[in-house]
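First to last, the protein sequences are chains A and B.
Numbering-wise (the numbering used here), the first sequence opens with residue 3 and increments by one.
Numbering-wise (the numbering used here), the second sequence opens with residue 15 and increments by one.
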Amino acid sequence: MDTDETAILFGEDVGFGGVFRCSQDLQDQFGPHRVFNTPLSENGIAGFAVGYAATGGTAIAEIQFADYIFPAMDQIVNEMAKFRYRSGNQWNCGGVTIRAPCGAVGHGGHYHSQSPEAYLAHTPGIVVVMPSGPKDAKGLLLSSIRSPDPVVFLEPKALYRSSVEPVPDEDYELPLGVANVLHQGSDITLIGWGGQLRLLEKARLLAQKEGIHCELIDLRTILPWDVDTVTESVIKTGKCIVSHEAPLTCGFGAELVSTIQNECFYSLEAPVMRVCGMDTPFPLVHEKYYIPNELKILDAIRDVMEKAK
Amino acid sequence: LTLRSQCLKDSKASFPGAMALSLTMLRGAMRHTNRALAQARRSFATGNDFGVYTGNKKVPFVSDMEFVQPNTLPTYPAYRIMDDFGNIVDGAKDPEIGKEECLKIYETMIRLFHMDTVFYEAQRHGRISFYMQNHGEEACTIGSAAALQPQDMIYGQYREAGALMYRGFSLQQFADQCFSNNGDPARGRQMPVHYGSAELNFQTISSPLTTQVPQAAGAAYAYKLAEEDRIVCVYFGDGAASEGDFHAGMNFAATLKAPCLFFCRNNGYAISTPVTDQYAGDGILPRGVAYGMPSIRIDGNDLLAVHEATTEARRMALEEQTPVLIEAMTYRVGHHSTSDDSTRYRGTDEIQDWSKNRNPVTRFRHYLERKGWWDEAQEEAIQAKERADVLTALTTAEQKEKPSVDDLFQDVYDTPTPNLERQWSELQEHIAKYPEHYNSAH
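Structural data, given as structure tokens:
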């Protein structure tokens, strides 16, 4: 907001600070013309963002919950993603960044817990990003906003309160399209994104106690995803587990596993596995059974190690 | 007081009956008084005969229960300056747009007519894959474009080639896009008639309907913040106005006070769907009123009315920083597209009537003739010239090379992503193996 005078931040309830306090005090600081409420319409929010960005401006749009991004899908898939291409680069809406809280929060049920990255990833022309913690969130968000391409930035809502780490005060960016290897390990590659990294890290520590050394990768950008970092790791370890909260069937893990088996087949010592949410709507009272938690991941690690023998 | 005098009157009547009557009335009176007191207490908080609601909105209260019956409301009238024969109607004023401007408008109408006729035929003969005509709506798009300024951003639906043509898009440029050749800045990526021009401030057309409406609101908001002498004009049809994006775009522009002109071409049909299947209310105009913006319905086949309404709408949008709605009543003379045969769902009599008796181009021509600016000789000359120019553009476009297949991978992103680089190189290897199949010969 400071470095780009065209930047505006808008969406439902953004004015008073936002339902997750993401825009707290920003209206006071930058004024109601730049930080404001819109009417309740996700397709309106997305379309408005495209039009604003088409004039060269920076439009930071908030969708209140990723569960409600679906009315905006026409604007995202048919307009935002194709805006530059269909015009022969006469026009572009790279100035768009759509932010949406996503993921399990403990009590969200069907409509306050979804992770829609798989729907979005199937869209050439947009960038899809999901940070796994506050430090990454800041750097990735600044990169996303400044990216010359339109970005959908999914923010795991459980991490708003629970994830605590030192965040540098200064302006810094983290590269898009580049995965982050959080821990090196020689036995097996674990890949995830967003809130799932916390569970993968728990599983990694449990596995370590059993003498299994896991390499942990945070994908950071879903689209375009960092094929090289992933394949390099799996060629090294020969084993891989992909884990995400979203349902198993046609989840984004399927894309990773397909490419991994294609690129790393001759290095694989065991089938590539996925530990994911189940193929049900996200349940309320049974959330703890649904979540691909550290126990399920640990079981899968043991299973893969066993098969590799 | 009434009750007291009543009681006194009653007491003069037979005693027990009167007492009973009086008591009943007294009880009734007390109930009435209690209610009145309670009401007064509530009213005191909000007012005697109105309530104040969120946003400091005063709403008067009434005690007659009356439902608004829309079908009893009068139809909103349409503004016109000329009659069907190009005469200035009683009470209207000739806006005196000027000879030079009027002739430019008329020439554009003729050029558009010939381009539509020839390109439609070209599709029938398999020379281009698809086409959409603008017959019947020339006044709507050319009249409004003429009233805008060049810096105003236009968002179209797909039947606004008239606006683009008025702004200076050449016949060659139109033809190149339709033939998807090397001359198309969009590299042949889209179907014919999906034009766009950054130079002429005309946003690239996309097939999904109405998506341009909230985008127009966003663009207008950018001009508002930048305090530019600039508005957005977004076109859409009667069918497109049923989409959710219409509601979103209008509502956003109104609440955010964006200087956006919403121009509805109400041409009676959305492909085969007549407006009687499209909406039950009085068309699009009342929706503008409902969203809180100045709105007008006009005779869309009256070039002068279109021009004047757009001029005033632009002034309002800019000076008052408000969206404005114009609903232009018109008629789609041509089929929806080359994929449509409209005689399957409407009578040829109807089409003929509009084409012959209510034609916006001939109507404007009569006006020009009356002004002494046009005659038969000029008419013959321009018809021949424009047709010849269109044919030249067509044959030239047909000869041009197609864009390189390398263009397939550009502009998906600002810079091709690794997966695109990889697919591009795989495709190049594949093409090299089967050159005969992939040689782009005409």
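Positions of the beta carbon are idealized from the N, C-alpha and C atoms, including for glycine.
7 Å Cβ cut-off: residues of chain A touching residue i
i	result
A231 (chain B)	F50, G53
Y239 (chain B)	As written in the sequence, residue 239 (chain B) is Leu, which differs from the Tyr given in the question. By Cβ distance, chain A contributes H35.
C-beta neighbour in chain A for residue i, strict 8 Å
i	result
R201 (chain B)	yes
Y235 (chain B)	yes
P273 (chain B)	no
T336 (chain B)	no
F266 (chain B)	yes
T68 (chain B)	no
D367 (chain B)	no
A177 (chain B)	no
D259 (chain B)	yes
L15 (chain B)	Confidence is the limiting factor: at L15 (chain B) the pLDDT is only 41, short of 50, which leaves the residue's position unreliable and the question unanswerable from this model.
A331 (chain B)	no
H456 (chain B)	A caution first: H456 (chain B) carries a pLDDT of 35, below 50, which makes its placement in the model unreliable, though a value can still be read off. Chain A, which has no Cβ nearer than 8 Å to the Cβ of H456 (chain B), makes this no.
E440 (chain B)	no
T269 (chain B)	yes
A446 (chain B)	no
Residue i: contacting residues in chain B (beta-carbon distance under 9 Å)
i	result
N80 (chain A)	S220, S221, P222, T225
R88 (chain A)	A200, R203, Q204, H208, G210, T218, I219, S220, D425
V229 (chain A)	P432, N433, R436
G179 (chain A)	T431, P432
Unbroken alpha helix (DSSP H) run spanning residue i, endpoints
i	result
M123 (chain B)	113 to 138
S256 (chain B)	Careful: S256 (chain B) lies outside any alpha helix (DSSP H) and carries neither H nor E.
V52 (chain A)	44 to 56
E334 (chain B)	317 to 334
Nearest-angstrom beta carbon gap, residue j and residue i [assumed within contact, 8 Å]
i	j	result
I193 (chain A)	K241 (chain A)	That belief does not hold up - the Cβ atoms of I193 (chain A) and K241 (chain A) are roughly 12 Å apart, past 8 Å.
A272 (chain B)	Y305 (chain B)	Contact flag wrong, Cβ pair sits at about 12 Å.
D52 (chain A)	G232 (chain B)	With the sequence shown as reference, residue 52 (chain A) is identified as Val, and Asp is not the correct amino acid for it. About 6 Å separates the two Cβ atoms, so the contact holds.
V107 (chain A)	S115 (chain A)	6 Å
E81 (chain A)	S220 (chain B)	6 Å
A272 (chain A)	K309 (chain A)	4 Å
V246 (chain B)	D166 (chain B)	7 Å
N45 (chain A)	G251 (chain B)	About 18 Å separates the two Cβ atoms, so there is no contact after all.
T344 (chain B)	N315 (chain B)	5 Å
R301 (chain B)	M264 (chain B)	7 Å
Endpoints, beta strand (DSSP E) assigned at residue i
i	result
N280 (chain B)	274 to 280
F188 (chain B)	F188 (chain B) -> not in any beta strand (DSSP E); alpha helix (DSSP H) instead, spanning 185 to 192.
R276 (chain A)	275 to 279
A342 (chain B)	338 to 343
E157 (chain A)	153 to 158
A61 (chain A)	61 to 64
M167 (chain B)	167 to 169
H444 (chain B)	Unbroken run through H444 (chain B) is the alpha helix (DSSP H), 432 to 447; no beta strand (DSSP E).
Contacts that residue i makes with chain B (C-beta to C-beta distance below 7 Å)
i	result
Q77 (chain A)	T225
N91 (chain A)	D425
G255 (chain A)	Going along chain B, no residue has its Cβ under 7 Å from G255 (chain A), so there is no contact; the nearest lies around 17 Å.
Within chain C, the residues that residue i reaches when beta carbons sit closer than 7 Å
i	result
D428 (chain B)	Reference to chain C is not applicable here, since the protein chains of this structure are A and B.
Closer than 8 Å to chain B by CB, residue i
i	result
A102 (chain A)	no
N264 (chain A)	no
G13 (chain A)	no
A61 (chain A)	yes
A123 (chain A)	no
G17 (chain A)	no
T57 (chain A)	yes
P283 (chain A)	no
P226 (chain A)	yes
G127 (chain A)	yes
Contact test: residue i Cβ vs the ligand NAP heavy atom, cutoff 7 Å
i	result
P91 (chain B)	What this structure holds is no ligand at all, so the ligand NAP is not there to describe.
Interface residues of chain A facing residue i [CB-CB closer than 9 Å]
i	result
G197 (chain B)	Ordered by position in chain A, no residue passes the 9 Å Cβ test against G197 (chain B), which lies about 11 Å from the chain.
Under 8 Å from the C-beta of residue i: neighbouring residues of chain B
i	result
N45 (chain A)	P228, G258, D259, A262
T40 (chain A)	F266, T269, L270
Inset, instruction - Kindly confirm or deny that the segment 175 to 187 of chain B and the segment 156 to 165 of chain B touch, where touching means at least three C-beta pairs closer than 8 Å. - result: yes
Inset, instruction - Taking 8 Å as the threshold, find out whether the segment 228 to 238 of chain B comes into contact with the segment 51 to 65 of chain A through three or more Cβ pairs. - result: yes
Legend entry - Touch test, the segment 281 to 293 of chain B against the segment 321 to 329 of chain B, Cβ-Cβ under 8 Å, three pairs minimum: The answer is no - the segment 321 to 329 of chain B does not touch the segment 281 to 293 of chain B, with fewer than three Cβ pairs under 8 Å.
Inset, instruction - Spell out a yes or no on whether the segment 13 to 21 of chain A and the segment 32 to 41 of chain A are touching, meaning 3 or more CB-CB pairs, one atom from each, closer than 8 Å. - result: Counting Cβ pairs under 8 Å, three or more are found: they touch.
Legend entry - contact_flag[the segment 71 to 91 of chain A, the segment 212 to 226 of chain B] where n(CB pairs < 8 Å) is 3 or more: yes
Legend entry - Cβ contact check for the segment 97 to 104 of chain B and the segment 374 to 381 of chain B: 3 or more pairs under 8 Å: yes
Inset, instruction - Specify whether the segment 351 to 358 of chain B and the segment 135 to 150 of chain B touch according to this definition: at least 3 beta carbon pairs, one from each stretch, less than 8 Å apart. - result: yes
Legend entry - Segment contact, 8 Å Cβ cut-off, at least three pairs: the segment 140 to 147 of chain A with the segment 272 to 291 of chain A: The segment 140 to 147 of chain A vs the segment 272 to 291 of chain A: no contact.
Legend entry - Three or more C-beta pairs below 8 Å linking the segment 63 to 72 of chain A and the segment 86 to 104 of chain A: Per the Cβ contact rule, the segment 63 to 72 of chain A is in contact with the segment 86 to 104 of chain A (3 or more Cβ pairs under 8 Å).
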